[in-house]
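J.: My questions will all concern the structure given below.
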Amino acid sequence: MIRKCLFPAAGYGTRFLPATKSMPKEMLPIVNKPLIQYGVEEALAAGLTQIGFVTGRGKRALEDHFDTNYEFEHQITGSSQEALLSGIRALIEQCSFSDTRQTEMKGLGHAILTGEPLIGNEPFAVVLSDDLCMNNGSGVLSQMVQLFKQFRCSIVAIQEVPEDETHKYGVIRGESLSNGVYRVDEMVEKPDPKDAPSNLAIIGRYILTPDIFDILRVTKPGANGEIQITDALNEQSKAGQVLAYRFKGRRFDCGSIEGFVTATDYVYRLTMRWGKTILKLRSPIMSRSQILQ
Ligand code: UTP
């Protein structure tokens with residue numbers, strides 16, 4: 087069974103400068119909750135309670151967010167504000183957190199390899215928290231964990247993108263099996279639209295089998311001179327060991343300013359439709375399922 091979820095979070099987040107000069111991109115809030123917290127909630131909802139962060143310099147706030155701040159919490163105990171902490175407290179209670187540092191930014195594949203000591207020899211999930219995923223029913227990771235129970239191989243989440251945007255993503259070619267599930271034959275990282283094998287793009291949710299680490303160890307830098315997880319998955323796909331899954335739900339690219347603003351607007355409007363003020367977004371776990379009804 088899958089118990090662990092890795093969050094590569096060492097990137098510089100240059101698209102959000104100067105906000106990310108001294109603050110991790112993953113701590114940027116969508117309404118009143120940081121991106122990383124949405125990701126950890128999604129992992130917990132899928133039954134993954136061992137959370138690993140791959141961090142870098144200047145990411146201290148991220149680790150502190152999943153720890154108790156005794157002085158501050160003592161001060162607001164008993165006040166109406168205390169309820170706003172119930173969601174993060176529930177996560178701290180139900181999950182364990184560990185972290186390791188990626189000392190050189192050599193790409194997402196390298197970040198995942200850096201996380202190997204936190205994972206060991208078992209299948210695991212990877213979440214890029216700047217891809218915010220929302221839906222009515224089960225979260226994307228929950229959907230993927232169900233699929234993993236059936237197929238027991240690596241799985242990437244995909245969505246259709248406009249053809250002129252394939253250069254921003256890893257793109258798959260595959261045989262459709264059923265209900266949005268594809269057996270992947272080939273993956274290409276950031277192809278020009280004319281070279282793209284399809285418009286099915288990989289987004290920031292993965293389930294990986296642990297043999298990926300051995301493959302990553304020998305994967306050469308690819309697109310942008312970085313070690314790409316897509317290239318390592320391409321090796322697994324040669325043995326028919328990768329599925330792509332067109333998940334149910336909506337994804338916001340919060341690594342870009344435009345996607346971030348769209349997500350903020352979307353969550354805010356849902357909150358208003360729910361008929362409450364922002365301050366009523368108390369328990370994130372409750373609120374997410376409630377506001378998305
Ligand atoms: P991005 O491509 O969004 O890069 O990485 P970034 O550095 O965070 O943002 P920009 O482009 O400078 O604005 C996708 C994910 O992979 C992680 C990032 O933290 C992000 O979650 N990542 C990327 C690493 O952890 N290490 C790397 O070397 C590269």
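Quick note: the sequence shown uses the working numbering, first residue 87, plus one each step.
Note that the Cβ used here is the ideal one computed from N, Cα and C, for glycine as well.
The model shown is predicted, which means the values in this text are computed figures rather than measured ones.
Verify the contact flag: Val-274, CB atom, against every heavy atom of the ligand UTP, threshold strictly below 8 Å.
T.: Walking along the sequence shown from the start, residue 274 turns up at place 188. No, the ligand UTP has no heavy atom inside 8 Å of this Cβ.
J.: Please list the terminal residues of the continuous beta strand (DSSP E) segment that includes Phe-158.
T.: What you label residue 158 is simply residue 72 of the sequence shown in a count that begins at 1. Careful: Phe-158 lies outside any beta strand (DSSP E), inside the alpha helix (DSSP H) at 156–162.
J.: In terms of alpha-carbon separation, which member of Phe-183, Glu-208 and Arg-269 lies closest to Phe-237?
T.: Sequence index remark: in the sequence shown, residue 237 carries index 151 (1-based). Measuring from the Cα of Phe-237, the nearest candidate turns out to be Arg-269.
J.: Tell me the DSSP secondary structure of Arg-324 in three-state form.
T.: Here residue 324 corresponds to residue number 238 of the sequence shown, with the count starting at 1. According to the sequence as given, residue 324 is Lys; it is not Arg. Helix.
J.: When you compare the CB positions of Pro-283 and Ile-315, do they come within less than 9 Å of one another, or not?
T.: Here residue 283 refers to the residue found at position 197 of the sequence shown. Here residue 315 refers to the residue found at position 229 of the sequence shown. In this structure, Ile-315 does not lie closer than 9 Å to Pro-283 by Cβ.
J.: Beta-carbon separation of Glu-272 and Gly-290 under 9 Å?
T.: Taking the sequence shown and counting its residues from 1, the one referred to as residue 272 is at position 186. Taking the sequence shown and counting its residues from 1, the one referred to as residue 290 is at position 204. Contact: no.
J.: To the nearest angstrom, how far is it from the Cα of Asp-300 to the Cα of Gly-125?
T.: The residue labelled residue 300 in the question sits at position 214 within the sequence shown. The residue labelled residue 125 in the question sits at position 39 within the sequence shown. Roughly 26 Å between the two C-alpha positions.
J.: Let's test the definition: count the other Cβ atoms within 10 Å of the Cβ of Lys-111 and tell me whether it reaches 16, buried, or not, exposed.
T.: As a first step, residue 111 must be located in the sequence shown, where it is residue number 25. Its Cβ being crowded by 16 or more others within 10 Å, Lys-111 is buried.
J.: Between the C-alpha atoms of Ser-342 and Tyr-352, what's the straight-line distance to the nearest angstrom?
T.: By 1-based counting over the sequence shown, the position of residue 342 is 256. By 1-based counting over the sequence shown, the position of residue 352 is 266. The alpha-carbon atoms of Ser-342 and Tyr-352 are separated by roughly 15 Å.
J.: Between the beta-carbon of Ala-309 and the beta-carbon of Glu-251, is there less than 9 Å?
T.: If you number the sequence shown from 1, residue 309 lands on position 223. If you number the sequence shown from 1, residue 251 lands on position 165. Cβ atoms of Ala-309 and Glu-251: not closer than 9 Å.
J.: Got a sec: does the ligand UTP put a non-hydrogen atom nearer than 8 Å to the Cβ of Phe-152?
T.: What you label residue 152 is simply residue 66 of the sequence shown in a count that begins at 1. Result no, Cβ not under 8 Å from the ligand UTP.
J.: Extract the residue ranges of the alpha helix (DSSP H) inside the stretch 181–234, only unbroken runs of 4 or more that lie entirely within it.
T.: For the stretch 181–234, whole alpha helix (DSSP H) runs of length 4 or above, ordered along the chain, are 194–200 and 202–205.
J.: Could you name the residues that DSSP lists as bridge partners for Thr-141?
T.: Taking the sequence shown and counting its residues from 1, the one referred to as residue 141 is at position 55. In DSSP, Thr-141 forms a bridge with Arg-187.
J.: Are there 16 or more other CB atoms within 10 angstroms of the CB of His-196, so buried, or fewer, so exposed?
T.: Here residue 196 refers to the residue found at position 110 when the sequence shown is read from its first residue. By the neighbour-count rule (16 or more Cβ atoms within 10 Å), His-196 is buried.
J.: In angstroms, rounded to a whole number, what distance separates the CA positions of Glu-179 and Ala-105?
T.: By one-based count along the sequence shown, residue 179 stands at place 93. By one-based count along the sequence shown, residue 105 stands at place 19. Straight-line Cα distance between these residues: approximately 30 Å.
J.: What residue range is occupied by the uninterrupted alpha helix (DSSP H) comprising Gln-123?
T.: The residue given as residue 123 occupies position 37 in the sequence shown. Unbroken alpha helix (DSSP H) run through Gln-123: 121–131.
J.: What's the C-alpha gap between Leu-214 and Gly-223?
T.: Stepping through the sequence shown from its first residue, residue 214 is reached at position 128. Stepping through the sequence shown from its first residue, residue 223 is reached at position 137. Approximately 20 Å, taken between the alpha carbons.
J.: Taking the CB atoms as reference points, tell me whether Glu-208 and Arg-89 lie closer together than 9 Å.
T.: One-based indexing of the sequence shown puts residue 208 at position 122. One-based indexing of the sequence shown puts residue 89 at position 3. Yes, they are a contact pair.
J.: Counting C-beta neighbours from all protein chains within 10 Å, is the total for Ile-122 16 or more, i.e. buried, or is it exposed?
T.: Here residue 122 refers to the residue found at position 36 when the sequence shown is read from its first residue. Buried is the call here.
J.: Which value, in whole angstroms, describes the spacing of the CA atoms of Met-109 and Lys-306?
T.: Position 23 of the sequence shown holds residue 109. Position 220 of the sequence shown holds residue 306. Rounded to whole angstroms, Met-109 to Lys-306 spans 31 Å at the Cα level.
J.: On the DSSP letters alone, give me the boundaries of the alpha helix (DSSP H) that Met-358 sits inside.
T.: For this step, residue 358 is matched to residue 272 along the sequence shown. Here the alpha helix (DSSP H) through Met-358 covers 343–359.
J.: So, for Gln-405: in the same chain, excluding its five sequence neighbours on each side, which residues have a beta-carbon less than 8 Å away from its beta-carbon?
T.: Within the shown structure, residues of the chain are numbered from 87 to 379, placing residue 405 beyond reach of any answer.
J.: Compute the Euclidean distance between the alpha carbons of Arg-374 and Glu-127, then round it to the nearest angstrom.
T.: Numbered from 1 along the sequence shown, position 288 holds the residue referred to as residue 374. Numbered from 1 along the sequence shown, position 41 holds the residue referred to as residue 127. Since pLDDT at Arg-374 reaches only 44, below the 50 mark, its modelled position is unreliable, and the value read off the structure follows with that caveat. When rounded, the distance between both Cα atoms is 9 Å.
J.: With distances taken from CA atoms, which of Thr-348, Glu-321, Gly-256 and Gln-232 is nearest Asp-339?
T.: Looking up residue 339 in the sequence shown gives position 253. The shortest C-alpha separation from Asp-339 is found at Thr-348.
J.: Run the proximity test for Ala-282: is its beta-carbon closer than 8 Å to any non-hydrogen atom belonging to the ligand UTP?
T.: Reading the sequence shown from its first residue, position 196 is the one you call residue 282. Checking every heavy atom of the ligand UTP against the Cβ of Ala-282, none is found closer than 8 Å.
J.: Which residue marks the beginning of the beta strand (DSSP E) containing Phe-93, and which one marks its end?
T.: Position 7 of the sequence shown, counting from 1, holds the residue named residue 93. Segment 90–94, the beta strand (DSSP E) holding Phe-93.
J.: Excluding the 5 residues flanking Pro-279 on each side, which residues of the same chain have their C-beta closer than 6 Å to its C-beta?
T.: Taking the first residue of the sequence shown as position 1, residue 279 is located at position 193. Answer for Pro-279: Glu-249, Asp-250 and Thr-252, listed in chain order.
J.: With respect to the alpha helix (DSSP H) encompassing Asp-150, which residues constitute its N-terminal and C-terminal limits?
T.: Working through the sequence shown from its first residue, we reach residue 150 at position 64. Run containing Asp-150: 146–151, per the alpha helix (DSSP H) assignment.
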